[in-house]
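Q:
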Amino acid sequence: MTRARSARLGVVVAGLLVGAASTAAAQKAQWTDAVFVPGYWAGGRLVQPAANAASDSLALVMSVAYFSAPPKWRAEISRTADGRTMGAPTVLIGEGDRAVVVTAVGATPLEQHALGRDPLVRAAVVFDAGGHRQGPANGRFVERLASGSVGRVVYRRAVRNPTFDLALLDPGGRSAGATLLASGISRVGDQRSASVVATAGARGVDNIKTPKGQVAVTPDTAAITKMDRYSVGTVALEEFMRSGGLGPYAVPADSTGRHP
Amino acid sequence: MTRPSRRGVAWGAATLLALGSAAPTPARAQNLLDRLRQAASVARTLLPISTAKEVEIGHGIAATIAGRYPVSHDTALTRYVNLVGLTVAGIAPRPDINYHFAVLVTPDVNAFAAPGGYVFITSGALALIHDEAELAGVLAHEVGHVNAKHVINQIRKSDAMREVKSQLDIQGATLDRLVGAGSDMLFVGLSREDELQADSLGLEYASAAGYDPGGLAAFIARLSTHAGEGALADFYATHPRPDERIERLHAIAAREHLTGGVDLAERYRSIVK
Numbered sequence: 001m002t003r004a005r006s007a008r009l010g011v012v013v014a015g016l017l018v019g020a021a022s023t024a025a026a027q028k029a030q031w032t033d034a035v036f037v038p039g040y041w042a043g044g045r046l047v048q049p050a051a052n053a054a055s056d057s058l059a060l061v062m063s064v065a066y067f068s069a070p071p072k073w074r075a076e077i078s079r080t081a082d083g084r085t086m087g088a089p090t091v092l093i094g095e096g097d098r099a100v101v102v103t104a105v106g107a108t109p110l111e112q113h114a115l116g117r118d119p120l121v122r123a124a125v126v127f128d129a130g131g132h133r134q135g136p137a138n139g140r141f142v143e144r145l146a147s148g149s150v151g152r153v154v155y156r157r158a159v160r161n162p163t164f165d166l167a168l169l170d171p172g173g174r175s176a177g178a179t180l181l182a183s184g185i186s187r188v189g190d191q192r193s194a195s196v197v198a199t200a201g202a203r204g205v206d207n208i209k210t211p212k213g214q215v216a217v218t219p220d221t222a223a224i225t226k227m228d229r230y231s232v233g234t235v236a237l238e239e240f241m242r243s244g245g246l247g248p249y250a251v252p253a254d255s256t257g258r259h260p
Numbered sequence: 261m262t263r264p265s266r267r268g269v270a271w272g273a274a275t276l277l278a279l280g281s282a283a284p285t286p287a288r289a290q291n292l293l294d295r296l297r298q299a300a301s302v303a304r305t306l307l308p309i310s311t312a313k314e315v316e317i318g319h320g321i322a323a324t325i326a327g328r329y330p331v332s333h334d335t336a337l338t339r340y341v342n343l344v345g346l347t348v349a350g351i352a353p354r355p356d357i358n359y360h361f362a363v364l365v366t367p368d369v370n371a372f373a374a375p376g377g378y379v380f381i382t383s384g385a386l387a388l389i390h391d392e393a394e395l396a397g398v399l400a401h402e403v404g405h406v407n408a409k410h411v412i413n414q415i416r417k418s419d420a421m422r423e424v425k426s427q428l429d430i431q432g433a434t435l436d437r438l439v440g441a442g443s444d445m446l447f448v449g450l451s452r453e454d455e456l457q458a459d460s461l462g463l464e465y466a467s468a469a470g471y472d473p474g475g476l477a478a479f480i481a482r483l484s485t486h487a488g489e490g491a492l493a494d495f496y497a498t499h500p501r502p503d504e505r506i507e508r509l510h511a512i513a514a515r516e517h518l519t520g521g522v523d524l525a526e527r528y529r530s531i532v533k
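Protein sequence lines correspond, in order, to chains A and B. For the first sequence, our numbering begins at 1 and goes up steadily by one. For the second sequence, our numbering begins at 261 and goes up steadily by one.
(1) Return helix, strand or coil for Phe164(A), following the three-state DSSP convention.
(2) I'd like to know whether the C-beta of Ala514(B) is nearer than 8 Å to at least one C-beta of chain D.
(3) Does Phe479(B) pass the burial test, meaning 16 or more other C-beta atoms within 10 Å, or should it be called exposed?
(4) Taking only the alpha-carbon atoms, compute the straight-line gap between Leu343(B) and Pro70(A) and give it to the nearest angstrom.
(5) Could you check if Ala514(B) is buried or exposed, using at least 16 other CB atoms within 10 Å of its CB as the buried criterion?
(6) Within 8 Å (strictly less), CB to CB, does Glu402(B) reach chain A?
(7) Among residues of its own chain, excluding the 5 on either side of Thr90(A), which ones have a beta-carbon nearer than 6 Å to its beta-carbon?
(8) In chain A, which residues lie with their C-beta within 7 Å of the C-beta of Thr324(B)?
(9) What does Leu237(A) reach in chain B if we use C-beta pairs closer than 9 Å?
(10) What span of residues does the alpha helix (DSSP H) with Leu456(B) cover, start to end?
(11) Reducing DSSP to helix, strand and coil, say where His517(B) ends up.
(12) Pick out whichever of Leu58(A), Pro219(A), Phe240(A), Ala123(A) has its Cα sitting closest to the Cα of Val64(A).
(13) What is the DSSP secondary structure of Lys313(B), reduced to helix, strand or coil?
(14) Considering Leu58(A), what are the terminal residues of the beta strand (DSSP E) in which it resides?
(15) Out of His390(B), Leu395(B), Val348(B), which has the shortest C-alpha to C-alpha gap to Val363(B)?
(16) Under 8 Å between the Cβ atoms of Gly449(B) and Ala497(B)?
(17) Under the rule that 16 or more other beta-carbon atoms within 10 Å means buried, what is Lys72(A), buried or exposed?
(18) Using a Cβ cut-off of 8 Å (strictly closer), state whether Pro375(B) contacts chain A.
(19) When we look at the beta-carbon of Gly247(A) and count the other beta-carbons within 10 Å, is it buried (16 or more) or exposed?
(20) Go through the segment 90 to 174 of chain A residue by residue and report every complete run of the beta strand (DSSP E) that reaches 3 residues or more, in order.
(21) Measure from the C-beta of Arg501(B) to each C-beta in chain A and report whether the shortest distance is under 8 Å.
(22) Using three-state DSSP, classify Ser78(A) as helix, strand or coil.
(23) Contact criterion: CB-CB distance below 8 Å. Does Thr485(B) meet it with respect to chain A?
(24) Tell me, which residues are paired with Tyr340(B) by DSSP?
(25) Closest to Val235(A) by C-alpha separation, out of Ser147(A), Tyr249(A), Pro49(A), Leu60(A), would be which residue?
(26) Apart from the five residues on each side of it in sequence, which residues of its chain come closer than 6 Å, Cβ to Cβ, to Tyr378(B)?
(27) DSSP on Leu364(B), reduced to helix/strand/coil?
(28) With a Cβ-Cβ cutoff of 8 Å, do Ile430(B) and Val424(B) count as a contact?
(29) Please state the DSSP three-state secondary structure of Lys533(B).
(30) For Arg354(B), which of helix, strand or coil comes out of DSSP?
(31) Between the C-alpha atoms of Phe141(A) and Val251(A), what's the straight-line distance to the nearest angstrom?
(32) As a quick exercise: from Ser484(B), Tyr329(B), Ser451(B), Gln457(B), pick the residue whose alpha carbon is nearest that of Ala257(B).
(33) So, is the C-beta of Ala223(A) closer than 8 Å to a C-beta in chain B?
(34) In angstroms with no decimal places, state the Cα-to-Cα distance between Ser383(B) and Asn358(B).
(35) Under a three-way DSSP split, which group does Arg45(A) fall into?
(36) So is Ala282(B) in contact with chain A if we call contact Cβ pairs under 8 Å?
As structure tokens, then:
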């Protein structure tokens with residue numbers, strides 16, 4: 001083999017390695033779906049709009065956190081019965097388009113579980129036979145019924161750099177029950193804050209530059225740790241947007257810019 | 261014999277240019293060393309900063325901001341600012357970070373965004389704001405800085421990155437140096453280009469969230485009427501001219517057909533007193 005051919009082969013192999021690495025990295029995906037249906041919550045009941053009403057009211061019915069590395073995936077489904085508070089998540093573990101419901105005592109195929117008769121849960125299985133996500137990676141999309149009316153509105157937020165443990169997607173062995181539930185849900189949520197707490201140490205007095213010259217500042221790390229811990233909650237945010245006509249409740253302007 | 265590719269010729273020419281064509285003399289060797297240092301410097305500025313490290317650096321910069329101006333303990337106000345901020349941040353988010361919003365107690369009129377999603381607005385700015393659409397515009401502008409990684413990208417080019425060879429080096433004293441560099445950038449001011457890009461992103465986020473797209477421009481216009489006041493000195497020193505910003509915002513809104521939206525003035529007045 002000539003030196004030139006050898007070099008070319010090296011470039012090809014390196015390209016394949018880079019390609020393989022990027023494919024492996026691209027396989028992992030993580031996102032959250034907030035699922036709305038037409039109607040509104042009243043006294044713990046979801047009130048459907050009248051059949052002939054041009055309703056612009058949407059009610060939050062569930063939130064689903066997805067973790068995927070095709071063909072395997074995991075969906076944590078949190079339902080609400082009043083549009084305000086989310087219940088404990090139900091965990092589905094899947095491979096391709098097949099799913100099992102994981103409970104504290106074991107795993108049951110979705111089609112044999114009572115949840116398999118729930119159309120919203122079935123709709124949460126958004127994977128094809130290869131375990132790839134169906135639908136857009138990010139943004140808002142509307143699913144219409146055969147009649148043309150709105151069936152579901154989904155707000156999807158993708159995580160740009162998923163770092164979850166692939167063990168979350170494994171329903172096998174002892175991890176199928178309580179261990180899997182406990183480890184998965186808590187581990188994903190705590191990944192970021194742990195690193196911040198570990199390395200953002202207390203610093204002494206800093207001299208910072210300002211337009212008025214140098215100013216001595218003692219950093220207030222405790223105030224930022226408090227900021228980190230503060231959360232308004234998804235339900236409060238949802239109510240805030242609903243009451244202000246914002247986000248999913250914003251009335252779109254028509255082509256002239258006027259609101260109906 | 262195969263014909264050399266155009267790229268191969270280019271690489272060869274570049275190598276000759278870099279190394280020189282004659283035998284090395286002390287002067288040429290020094291020249292070569294300088295060029296290698298320059299190349300290493302360029303490579304260094306390209307070192308990315310991971311999201312986890314961005315958040316750590318942002319945490320430190322945010323602590324410096326909170327050290328300069330105390331963070332408000334008004335729970336209703338903090339909650340409200342977070343709700344408005346999260347509403348606009350949710351439109352075009354970086355899902356890899358969590359956004360946090362807080363109010364700084366100072367008559368100075370300003371707002372800050374540290375990397376990693378830490379956003380601050382001063383009580384002096386809130387006093388000049390008239391409605392929720394204006395607040396949304398200001399917070400969305402700051403979210404734009406975070407999403408476009410303006411401070412992090414400046415830190416990557418700073419001398420403080422000289423000793424950083426990998427993400428693992430961003431800790432301890434090096435982390436503190438990067439935090440110091442980022443804090444200086446925030447208080448001295450970002451570039452005109454970064455500010456105008458943040459304006460554009462802020463307009464996009466606030467409008468897409470359902471707010472009146474004129475909110476940010478209205479607030480900047482009001483600041484013009486207070487020009488020369490001490491509370492606005494730092495703001496004017498660190499931001500492009502108001503008339504230029506307003507003109508650009510109006511042009512973008514017209515080009516993108518951004519109209520309508522709500523201002524929610526009553527809700528703003530009921531919480532920000």
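C-beta: ideal position from N, C-alpha, C; glycine also.
A: Taking the definition as stated:
(1) Coil at Phe164(A), not helix or strand.
(2) Judged by its chain identifiers, the structure shown contains no chain D, and its protein chains are A and B.
(3) So Phe479(B) ends up on the buried side.
(4) So the alpha carbons of these two residues sit roughly 35 Å apart.
(5) Counting Cβ neighbours within 10 Å, Ala514(B) comes out exposed, since fewer than 16 surround it.
(6) By this cut-off, Glu402(B) is not an interface position.
(7) Cβ within range, chain order: Ile77.
(8) Asp206, Ile208, Val217, Pro219, listed in chain order.
(9) Going along chain B in sequence order, the residues near Leu237(A) (Cβ under 9 Å) are Asn342, Leu343, Leu346, Thr347, Gly350.
(10) From DSSP, the alpha helix (DSSP H) with Leu456(B) extends over 452 to 468.
(11) In the three-state reduction of the DSSP assignment, His517(B) falls in the coil class.
(12) Nearest C-alpha to Val64(A) among Leu58(A), Pro219(A), Phe240(A), Ala123(A): Ala123(A).
(13) Secondary structure of Lys313(B) (DSSP, three-state): helix.
(14) Segment 58 to 69, the beta strand (DSSP E) holding Leu58(A).
(15) Ranking His390(B), Leu395(B), Val348(B) by Cα distance to Val363(B) puts Leu395(B) first.
(16) Closer than 8 Å, so yes.
(17) Around the C-beta of Lys72(A), 16 or more other C-beta atoms lie within 10 Å, and the residue is accordingly described as buried.
(18) Pro375(B) does not count as touching chain A.
(19) For Gly247(A), the number of other beta carbons within 10 angstroms of its own is at least 16, and it is reported as buried.
(20) Listed in chain order, the beta strand (DSSP E) runs fully inside the segment 90 to 174 of chain A are 90 to 95, 98 to 103, 106 to 109, 139 to 144, 150 to 158, counting runs of at least 3 residues.
(21) Not one chain A Cβ lies under 8 Å of Arg501(B).
(22) Residue state, collapsed to three classes: strand.
(23) Chain A contact via Cβ: absent.
(24) DSSP, once it has assigned bridges, lists no residue as partnering Tyr340(B).
(25) Ranking the options by Cα distance to Val235(A), first place goes to Leu60(A).
(26) If we look at Tyr378(B) and ignore the five residues flanking it on each side, its Cβ neighbours are Gly318, Ala322, His360.
(27) Here Leu364(B) sits in strand by DSSP.
(28) Contact flag set, yes.
(29) Secondary structure at Lys533(B): coil, using DSSP grouped into helix, strand and coil.
(30) Judged by DSSP in its simplified three-state form, Arg354(B) adopts coil rather than helix or strand.
(31) C-alpha separation (whole angstroms): 16 Å.
(32) In this structure chain B extends from 261 to 533, so residue 257(B) is not present and cannot be described.
(33) It does: the Cβ of Ala223(A) has a partner Cβ on chain B nearer than 8 Å.
(34) Distance between the alpha carbons of Ser383(B) and Asn358(B) is about 23 Å.
(35) Three-state DSSP puts Arg45(A) in a strand.
(36) With a pLDDT of only 36 at Ala282(B), under 50, the local geometry of the prediction cannot be trusted, and the value read off the model is given with reservation. Chain A places no beta carbon closer than 8 Å to that of Ala282(B), leaving this residue out of the contacts.
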